[in-house]
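Just remember that the working numbering sits 486 ahead of the position in the sequence shown, which is counted from 1.
From the three backbone atoms N, C-alpha and C, an ideal C-beta is built for every residue, glycine too.
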Amino acid sequence: MKRFLPPCYGPTQSFNLRNDYRRLAIYILCLTYFCYTSYHASRKPLSIVKTVLHSNTNGHPETSGFSSKGWKPFDSDNWSQLLGGLEYIYLFVYACSMILSGFLAERVNLRYFLSIGMFLSGISTFAFGLASYFQIHYYSYFVFIQVFSGLVQASGWPAVVTLVGNWWGKSRRGLIMGLWNSHTSLGNIIGSIIAGYYVETNWGASFYLPGFIMMFGALIVFLTVIEHPNMVTSNSVGSDMTPQITVLRNISESNALRERSGKDDLKPLLLSTDTTRPINFIEAILLPNVFTYSLLLFFAKLVSYTFLYWLPNYLTNVEHVSAEQAAKLSVLFDIGGIIGGVLIGWFSDTQSHTQGLNEDENTLRRRAVACFVMLACAAPLLLAYRFMPTANSLMSLFILTCCGASINGPYALVTTAVSADLGTQSALQGRARALATITAIIDGMGSLGAALGPLLTGLLVPYGWSVVFAMLITSDLLAMFMSLWIVVNSHRHHRRIHHRVQSTTNLI
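Put into structure tokens, the structure is as follows:
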């Protein structure tokens with residue numbers, strides 16, 4: 487294990503991160519939070535910048551690369567198809583690459599995997615903005631950047647979820663993951679603020695700072711990440727290390743530390759002593775509820791990513807606000823997402839257990855009930871927001887925030903707590919190395935929905951935004967049906983078990 491320790495393993499000790507399991511676990515949680523915040527901050531600028539790429543409403547001179555209708559080649563009448571195509575290409579490649587990413591994350595060192603992925607993601611983000619500086623107007627250039635971005639950005643999610651899974655356990659997982667998953671919305675907010683600041687003066691600069699943050703994060707990951715608790719045993723640090731800087735000499739010692747602290751939430755999800763081979767794709771997708779939750783995320787993420795990429799455009803073209811103001815207003819959707827992620831995580835943790843179901847079945851049933859409640863609220867909220875008379879009214883802002891909570895809440899729960907639940911369920915029979923693969927399958931399926939939503943929106947916009955909202959409401963209802971399906975199946979299973987118990991009792 488010594489060869490896999492990060493270069494700053496020594497300096498890390500000076501920050502008191504090597505002295506006990508708790509501080510290492512908190513450091514990993516905070517670092518992965520920063521990492522995925524930067525991933526989402528780098529994805530957001532395009533949704534803000536598209537408002538000026540297809541419409542030269544901000545006084546840019548034509549010599550700066552803008553025609554009277556916008557930035558070439560997006561100044562044509564089919565601008566929505568061109569921009570929607572870019573988003574679809576990125577998300578489709580991202581979804582397909584997610585499966586490969588999950589496969590690799592189970593088999594390579596996560597410090598190398600995540601740091602390389604983040605560095606290349608920063609390069610791709612920076613390169614998109616360079617089109618403004620070098621006056622690039624070839625659609626093929628933007629397509630290439632989007633393909634490359636989708637490939638390298640898929641490295642993030644399986645890696646950070648597995649790192650958190652290695653260091654954090656099951657206790658209060660819904661609430662902890664709900665808080666942790668706020669990085670998605672926070673990244674969108676930061677990306678919106680950065681892009682909104684530059685969009686009306688130099689749209690290319692909207693991509694520079696997010697790209698730099700990604701590359702800086704890659705350096706921090708490479709220098710400091712410790713992949714697993716068993717990588718800091720006494721054997722890994724060498725016999726020349728003094729007792730003062732020897733951390734967690736063995737797993738038994740770290741377990742004793744956790745017992746003394748009384749915190750089960752620090753117990754690793756993945757048992758360090760497991761040396762079995764990683765689970766394969768077919769085995770993973772056939773596990774109970776994996777495919778159903780994948781479909782749920784497909785429809786939920788379709789709605790979420792349509793808002794992510796098209797809400798600023800909707801605000802500028804329908805509500806007639808400026809590009810900068812649209813960027814600021816779209817932040818409310820992500821603020822709602824943070825609130826929704828925390829609420830749904832807390833709610834899914836606090837529901838009562840159903841007798842007759844084992845712990846895994848009870849947990850997954852509670853998650854499905856929580857998703858059903860929020861998705862049921864989302865449909866009328868979407869309908870109400872479509873017919874709000876003005877984007878700046880208090881009621882409109884409130885409903886937009888509630889839309890973010892009810893849409894992003896289930897999305898956040900499934901990609902984090904549910905993925906961790908499914909990746910550590912008893913049906914795995916001790917096969918610990920499954921979390922990254924299952925996470926990749928679920929998020930990969932969700933990303934296909936995320937790719938389809940913006941693409942359909944680009945195709946439907948010419949027919950009116952009411953058609954777009956009808957598509958979003960339909961998708962939300964289908965996601966709600968998937969959650970209901972899981973709840974109904976769990977109750978059927980409970981009734982079968984109850985019937986067997988009653989039959990056995992009668993025989994006795």
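Original post:
Given Met701, which residues of its chain have a CB within under 6 Å of its CB, disregarding the five upstream and five downstream residues?
Top reply: Phe605 and Gly608
**OP:** Write down every uninterrupted run of the beta strand (DSSP E) in the segment 927-955 whose length is 3 residues or greater and which is fully enclosed by it, in chain order.
**Re:** none
Original post:
Exposed or buried, which one is Asn894 when buried takes at least 16 other CB atoms within 10 Å?
Top reply: buried
Subject >> CA-to-CA distance, Gly642 to Thr523, given in whole angstroms >> reply: 10 Å
Subject >> Cβ neighbours of Asn975 in the same chain (closer than 7 Å, five flanking residues each side left out) >> reply: none
Subject >> Pair within 9 Å by beta-carbon distance, Met663 and Thr923 >> reply: no
Subject >> Helix, strand or coil at Ser758 [DSSP, three-state] >> reply: Low confidence applies to Ser758: its pLDDT is 42, below 50, so where it sits in the model is not reliable enough to give any reading.
Original post:
For Leu510, which option in Gly822, Ile712, Ser566 and Leu616 has the closest C-alpha, if you only look at C-alpha atoms?
Top reply: Ile712
**OP:** In angstroms with no decimal places, state the Cα-to-Cα distance between Gly822 and Lys530.
**Re:** 16 Å
**OP:** Kindly list the residues whose CB is nearer than 6 Å to the CB of Ser834, restricted to its own chain and excluding five residues on each side of it in sequence; keep chain order.
**Re:** Gly660, Arg852, Arg853 and Ala856
Subject >> N-terminal and C-terminal residue of the alpha helix (DSSP H) that Met584 is part of >> reply: Trp565 to Ala591
**OP:** Using only alpha-carbon positions, find the residue among Phe612, Val804 and Gly935 that is nearest to Pro875.
**Re:** Val804
**OP:** Tell me whether Tyr791 is buried or exposed, calling it buried when 16 or more other Cβ atoms sit within 10 Å of its Cβ.
**Re:** buried
Original post:
With 16 as the cutoff for other CB atoms within 10 Å, does Val594 come out buried or exposed?
Top reply: exposed
Original post:
Leaving out five residues before and five after Pro559 in sequence, what residues of the same chain have Cβ atoms less than 8 Å from its Cβ?
Top reply: Leu568, His623, Tyr624 and Tyr625
Original post:
Val538 and Trp689 look like a contact to me (Cβ under 8 Å); what is the Cβ gap, rounded to whole Å?
Top reply: 6 Å
Original post:
CB-CB under 6 Å to Gly673, same chain, minus the five flanking residues each way: which ones, in chain order?
Top reply: Thr523, His526 and Ala527
Subject >> Pairwise C-alpha distance: Gly827 and Ile771 >> reply: 25 Å
**OP:** Determine contact between the segment 948-966 and the segment 781-789, defined as no fewer than three beta-carbon pairs at a distance below 8 Å.
**Re:** yes
Original post:
Quick one: what does DSSP say Trp654 is sitting in, helix, strand or coil?
Top reply: coil
Original post:
Candidates Leu850, Asn848, Asp846 and Ile830: which alpha carbon is nearest Cys863's?
Top reply: Ile830
**OP:** Report all residues from its chain with a CB closer than 6 Å to the CB of Ile585; omit the five preceding and five following residues, and keep chain order.
**Re:** Ala926 and Gly930
Original post:
Under 9 Å, do Leu883 and Leu815 count as touching if we go by C-beta distance?
Top reply: yes
**OP:** Measure the C-alpha to C-alpha separation of Asp907 and Val900 and round it to an integer number of angstroms.
**Re:** 9 Å
Original post:
Got a sec, what are the start and stop residues for the alpha helix (DSSP H) Gly615 sits in?
Top reply: Leu596 to Tyr619
Subject >> Alpha-carbon to alpha-carbon, Asp561 and Ile631 >> reply: 20 Å
Original post:
Going along the chain, which residues of its own chain have a beta-carbon closer than 7 Å to the beta-carbon of Tyr580, five neighbours each way excluded?
Top reply: Gly636, Gln639, Ala640 and Ser933
Original post:
Could you check where the alpha helix (DSSP H) with Thr778 kicks off and where it finishes?
Top reply: Val776 to Asn803
Subject >> For Ile575, the nearest candidate out of Val953, Tyr949 and Leu942 (CA to CA) >> reply: Leu942
Subject >> Close-in-space but distant-in-sequence residues of the same chain around Glu686 (CB under 8 Å, 5 per side omitted) >> reply: Val538, Asn544, Ser808, Ala809 and Glu810
Original post:
Taking DSSP as the reference, what is the three-state secondary structure of Trp557?
Top reply: strand
Original post:
Helix, strand or coil: which one does DSSP assign to Thr518?
Top reply: helix
Subject >> Sequence-distant residues of the same chain with beta carbon closer than 6 Å to Ser671, five excluded per side >> reply: Asp820, Gly823 and Ile824
Original post:
Quick one: what does DSSP say Ile622 is sitting in, helix, strand or coil?
Top reply: coil
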